[in-house]
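Read in my numbering, the sequence shown has 345 at position 329, and its numbers run on one by one without any break. Note that the Cβ used here is the ideal one computed from N, Cα and C, for glycine as well.
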Amino acid sequence: MRSESREKKEREERKKEKKKEEKLTERVQRLVREFPQRIRELGPVKGGLVALALVIAAGQATGHLYLTFSPSEPSYPVKNGDTVWGGHKIMSAYSLPWYSVWAHPFIACKAIEEYGAVAGLSAVFFGVVPSPAERWVRGDYKVEHGWIVADYQGPGVVLIRGSHLYVKKPGLVVWGRKVPKVVAVKVGSDEIEVEGKRMTFEEAAKKYGWEKLKYLKKADIGERAALVYELKFTDGRRPMDENEVKKVFGEAAYRRMVEMADYSAVVVWIGKYRKKLIGHAETTMEGVGHLDDLRVVNAARMCRGWNGVIVPPHSWTHGRRQYFDVFEVPGYEKAAHGCCPPARALRDACLDAGLPKPKGIDMGVHPMEYGFHPTEGVVVYNTKPYPILIEIGFKGKPKIGGIIFCNIYALLPA
Numbered sequence: 017m018r019s020e021s022r023e024k025k026e027r028e029e030r031k032k033e034k035k036k037e038e039k040l041t042e043r044v045q046r047l048v049r050e051f052p053q054r055i056r057e058l059g060p061v062k063g064g065l066v067a068l069a070l071v072i073a074a075g076q077a078t079g080h081l082y083l084t085f086s087p088s089e090p091s092y093p094v095k096n097g098d099t100v101w102g103g104h105k106i107m108s109a110y111s112l113p114w115y116s117v118w119a120h121p122f123i124a125c126k127a128i129e130e131y132g133a134v135a136g137l138s139a140v141f142f143g144v145v146p147s148p149a150e151r152w153v154r155g156d157y158k159v160e161h162g163w164i165v166a167d168y169q170g171p172g173v174v175l176i177r178g179s180h181l182y183v184k185k186p187g188l189v190v191w192g193r194k195v196p197k198v199v200a201v202k203v204g205s206d207e208i209e210v211e212g213k214r215m216t217f218e219e220a221a222k223k224y225g226w227e228k229l230k231y232l233k234k235a236d237i238g239e240r241a242a243l244v245y246e247l248k249f250t251d252g253r254r255p256m257d258e259n260e261v262k263k264v265f266g267e268a269a270y271r272r273m274v275e276m277a278d279y280s281a282v283v284v285w286i287g288k289y290r291k292k293l294i295g296h297a298e299t300t301m302e303g304v305g306h307l308d309d310l311r312v313v314n315a316a317r318m319c320r321g322w323n324g325v326i327v328p329p330h331s332w333t334h335g336r337r338q339y340f341d342v343f344e345v346p347g348y349e350k351a352a353h354g355c356c357p358p359a360r361a362l363r364d365a366c367l368d369a370g371l372p373k374p375k376g377i378d379m380g381v382h383p384m385e386y387g388f389h390p391t392e393g394v395v396v397y398n399t400k401p402y403p404i405l406i407e408i409g410f411k412g413k414p415k416i417g418g419i420i421f422c423n424i425y426a427l428l429p430a
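Next up, the structure:
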């Protein structure tokens, strides 16, 4: 009996609840049907104000509902160390976190000041605004039409530190050190080992190209050669291999990377600059009466290997890759003879510029030290706070009795 009585009571309560819901629904429907008529009864001004107030109320509710699902920290579309060229859009400012106007009035004022009318309308109709860019972004940027834009010329870099994005303009030069990334070891007459995996020369050529395997094809077993290089930058930029350098900085930068010796400082971009001569030297290409033609060729090769090389500030570099003829001259050891005159000019110009003596070149009349390749082994040091440019070559046609000059220029912002 008690159970039946309880069930009957519950059924009655459910009926009552259902009737309440039906009445509420009917009332809402009636209000909706009568809303246009009531607005008309209020007149155009009062009716318009009421309608606007209702729209704003609905918008504010929607805006604050959005806040409950939106992230509290930004998710950046760029990666740490990415190169961003000046004038390029980095990200939409509206993808930054949003804030309530009522809970953060100061942030709202800054957002309206930074983004203008769009943020103002959002504040009024939705009660929320995007975060001011300065809250999350630092460095060399500007805000244009709701976009965060790189505010500089040239290839800058973006750095992500915690939740903040730093936009960094480039220095006068952008450079990295060329280091081997993938190295092959010859393990058989037709086999090499790359990153722990054995493969034939033909298999490796399909992936890396024959040009990079020529040396190993003729080399002894156990010899090593780099198949892929990368530049390790000094400004926080992520490392790039040759193909990435070509894609980001262009063909000229790619060629420069390929030409420079291993572990050289490779300049991939330079801004507007002016040259200031800080060091100069000249010397004569003397003859020995034997094999002078080969000596002149080697001297010209050394000049080509160093001419136009830029050494970044507070850094060092080798020269370009060059082939030299190695032979004997009476009274001297077997070597790349002919390189002493340009080595003298390079050494004396460096000393005249207040730079250290290059490694591999001593202070004698015949200064090229044995065991040092004239371009890939010699090291030029730049202790100055600005980049330097080396100019070296013959005055006129390379010949015995010709003059070899070397100029060292400081590269200063134009």
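**Prompt:** Among all the DSSP beta bridges, which residues are the ones paired with GLY192?
**Reply:** As a first step, residue 192 must be located in the sequence shown, where it is residue number 176. Answer is PHE249 and VAL282, bridged to GLY192.
**Prompt:** Which residue comes first and which comes last in the beta strand (DSSP E) that contains ALA166?
**Reply:** Walking along the sequence shown from the start, residue 166 turns up at place 150. Counting along the chain, the beta strand (DSSP E) containing ALA166 begins and ends at 163-166.
**Message:** Going by DSSP, what residue range makes up the alpha helix (DSSP H) through GLY321?
**Reply:** What you label residue 321 is simply residue 305 of the sequence shown in a count that begins at 1. 308-322 is the span of the alpha helix (DSSP H), which, as asked, contains GLY321.
**Asked** If we ignore side chains and look at the alpha-carbon of each, how far apart do GLY63 and PRO121 end up?
**Response** One-based indexing of the sequence shown puts residue 63 at position 47. One-based indexing of the sequence shown puts residue 121 at position 105. Bear in mind that a pLDDT of 49 at GLY63, under 50, signals an unreliable position, so the model cannot answer this.
**Spatial neighbours of VAL345 in its chain, beta-carbon cut-off 7 Å, leaving aside the 5 residues before and after** = Here the question's residue 345 lines up with position 329 in the sequence shown. Result list for VAL345: VAL304, HIS306, LEU307 and HIS353, in chain order.
**Request:** Tell whether a beta-carbon distance below 8 Å holds between LEU367 and LYS375.
**Result:** Taking the sequence shown and counting its residues from 1, the one referred to as residue 367 is at position 351. Taking the sequence shown and counting its residues from 1, the one referred to as residue 375 is at position 359. With respect to LYS375, LEU367 sits apart: the two C-beta atoms are not nearer than 8 Å.
**Request:** Decide yes or no for the touch test of the segment 287-303 against the segment 240-250: beta carbon pairs closer than 8 Å, at least 3 of them.
**Result:** No, the segment 287-303 is not in contact with the segment 240-250.
**Asked** Using the C-alpha atoms, what's the distance from MET256 back to ALA241?
**Response** Within the sequence shown, numbered from 1, the residue matching residue 241 stands at position 225. Within the sequence shown, numbered from 1, the residue matching residue 256 stands at position 240. In a straight line, the C-alpha of ALA241 is about 19 Å away from that of MET256.
**Sequence-distant residues of the same chain with beta carbon closer than 6 Å to ALA277, five excluded per side** = Locating residue 277 in the sequence shown gives position 261, where the first residue counts as 1. Cβ neighbours of ALA277 beyond the five flanking positions: HIS334, ARG337 and GLU392.
**Prompt:** Where do the ends of the alpha helix (DSSP H) carrying PRO358 lie?
**Reply:** Working through the sequence shown from its first residue, we reach residue 358 at position 342. It spans 356-368 - the alpha helix (DSSP H) in which PRO358 sits, taken as one unbroken run.
**Item:** Sequence ranges, beta strand (DSSP E) only - wholly within the segment 180-247, length at least 3
**Value:** 180-184, 189-204, 207-210 and 213-216
**Item:** Nearest-angstrom Cα separation, counted from HIS296 out to ALA361
**Value:** Working through the sequence shown from its first residue, we reach residue 361 at position 345. Working through the sequence shown from its first residue, we reach residue 296 at position 280. If you take the alpha carbons of ALA361 and HIS296, they lie about 8 Å apart.
**Asked** Closest by CA to LEU427, which one among LYS263, VAL283 and ARG22?
**Response** Taking the first residue of the sequence shown as position 1, residue 427 is located at position 411. Cα-wise, what sits closest to LEU427 is VAL283.
**Prompt:** On the premise that VAL327 lies in contact with ALA269, defined as a C-beta separation below 8 Å, what is that separation, rounded to the nearest angstrom?
**Reply:** One-based indexing of the sequence shown puts residue 269 at position 253. One-based indexing of the sequence shown puts residue 327 at position 311. In fact, because the Cβ distance is near 16 Å, the residues do not count as touching under 8 Å.
**Item:** Sequence-distant residues of its chain with Cβ nearer than 8 Å to ALA235 (five each side left out)
**Value:** Reading the sequence shown from its first residue, position 219 is the one you call residue 235. The residues are LYS202 and ALA241.
**For ARG30, three-class secondary structure by DSSP** = For this step, residue 30 is matched to residue 14 along the sequence shown. Note: ARG30 maps to helix in three-state DSSP.
**Request:** Report buried or exposed for LEU137, applying the criterion of at least 16 other Cβ atoms within 10 angstroms of its Cβ.
**Result:** As a working note, residue 137 is residue 121 in the sequence shown. By the 10 Å Cβ count, LEU137 comes out exposed.
**Message:** Buried or exposed for HIS389, going by 16 or more other Cβ atoms inside 10 Å?
**Reply:** As a first step, residue 389 is located in the sequence shown; it is residue number 373 there, counting from the start. Result: buried.
**Asked** In the structure shown, what three-state DSSP assignment does VAL342 receive?
**Response** Within the sequence shown, the letter at position 326 stands for residue 342. It is coil, neither helix nor strand.
**Message:** Report the CB separation of ASP8 from LYS197 in whole angstroms; it is logged as a contact under 8 Å.
**Reply:** Since the first residue shown for the chain is 17 and the last is 430, residue 8 is missing from the structure and cannot be characterised.
**Item:** Rounded separation between GLY170 and ARG271 - CA only
**Value:** If you number the sequence shown from 1, residue 170 lands on position 154. If you number the sequence shown from 1, residue 271 lands on position 255. C-alpha separation (whole angstroms): 19 Å.
**Request:** Using the Cα positions of LEU188 and TYR279, report the straight-line distance between them to the nearest angstrom.
**Result:** For the purposes of this step, residue 188 is identified with residue 172 of the sequence shown, where counting begins at 1. For the purposes of this step, residue 279 is identified with residue 263 of the sequence shown, where counting begins at 1. Roughly 21 Å separates the two Cα atoms.
**Asked** Using a Cβ-Cβ cut-off of 8 Å (strictly less than) and excluding sequence neighbours within five positions of ALA139, which residues of its own chain qualify?
**Response** Looking up residue 139 in the sequence shown gives position 123. Same-chain partners within the cutoff: VAL117, ALA124, ALA127, ILE128 and VAL145.
**Prompt:** For ILE7, which beta-bridge partners are listed by DSSP?
**Reply:** For the chain, the structure presents residues 17 to 430; residue 7 sits outside this window and is missing.
**Asked** Excluding five sequence neighbours on each side, which residues of the same chain lie with their C-beta closer than 8 Å to the C-beta of ARG154?
**Response** The residue you call residue 154 lines up with position 138 of the sequence shown. Around ARG154: HIS180, LEU181, TYR182 and VAL183.
**Request:** Tell me, please, which residues DSSP counts as bridged to LEU112.
**Result:** As a first step, residue 112 is located in the sequence shown; it is residue number 96 there, counting from the start. DSSP, once it has assigned bridges, lists no residue as partnering LEU112.
**Request:** Check the DSSP bridge columns for ALA268 and list the partner residues they point to.
**Result:** As a working mapping, residue 268 is identified with position 252 in the sequence shown. In the DSSP output, where bridge partners are listed per residue, ALA268 has none listed.
**Item:** Straight-line Cα distance separating VAL173 from ARG151
**Value:** Walking along the sequence shown from the start, residue 151 turns up at place 135. Walking along the sequence shown from the start, residue 173 turns up at place 157. Note on geometry: alpha-carbon atoms of ARG151 and VAL173 lie some 19 Å from one another.
**Message:** The beta strand (DSSP E) that contains ILE176, what's its start and end?
**Reply:** By one-based count along the sequence shown, residue 176 stands at place 160. Here the beta strand (DSSP E) through ILE176 covers 171-177.
**Asked** Buried or exposed: where does MET107 fall if 16 or more other Cβ atoms within 10 Å of its Cβ makes it buried?
**Response** Your numbering for residue 107 matches position 91 in the sequence shown. By the neighbour-count rule (16 or more Cβ atoms within 10 Å), MET107 is buried.
**Request:** Please report the residue range of the alpha helix (DSSP H) in which GLU435 lies.
**Result:** There is simply no residue 435 to check, as the chain begins at 17 and stops at 430 in what is shown.
**Asked** CB-CB under 7 Å to LEU232, same chain, minus the five flanking residues each way: which ones, in chain order?
**Response** Residue mapping note: residue 232 aligns to position 216 of the sequence shown, counting from 1. Within the same chain, LEU232 has close Cβ partners ALA200, LYS202, ILE208, GLU239 and ALA241.
**Request:** Can you have a look at ILE404 and say buried or exposed, based on whether 16 or more other CB atoms are within 10 angstroms of its CB?
**Result:** Here residue 404 refers to the residue found at position 388 when the sequence shown is read from its first residue. That one is buried.
**Item:** Distance CB(GLY97)-CB(ARG193) smaller than 8 Å
**Value:** For this step, residue 97 is matched to residue 81 along the sequence shown. For this step, residue 193 is matched to residue 177 along the sequence shown. Taking 8 Å as the Cβ cut-off, GLY97 and ARG193 do not qualify as a contacting pair.
**Backbone CA spacing between LYS400 and ALA109 [nearest angstrom]** = Here the question's residue 400 lines up with position 384 in the sequence shown. Here the question's residue 109 lines up with position 93 in the sequence shown. Computed Cα separation, rounded: 40 Å.
**Prompt:** On the three-state DSSP scale, how would you describe THR274?
**Reply:** For this step, residue 274 is matched to residue 258 along the sequence shown. Going by the sequence as given, residue 274 is Val instead of Thr. The answer is helix: DSSP assigns VAL274 an H, G or I state.
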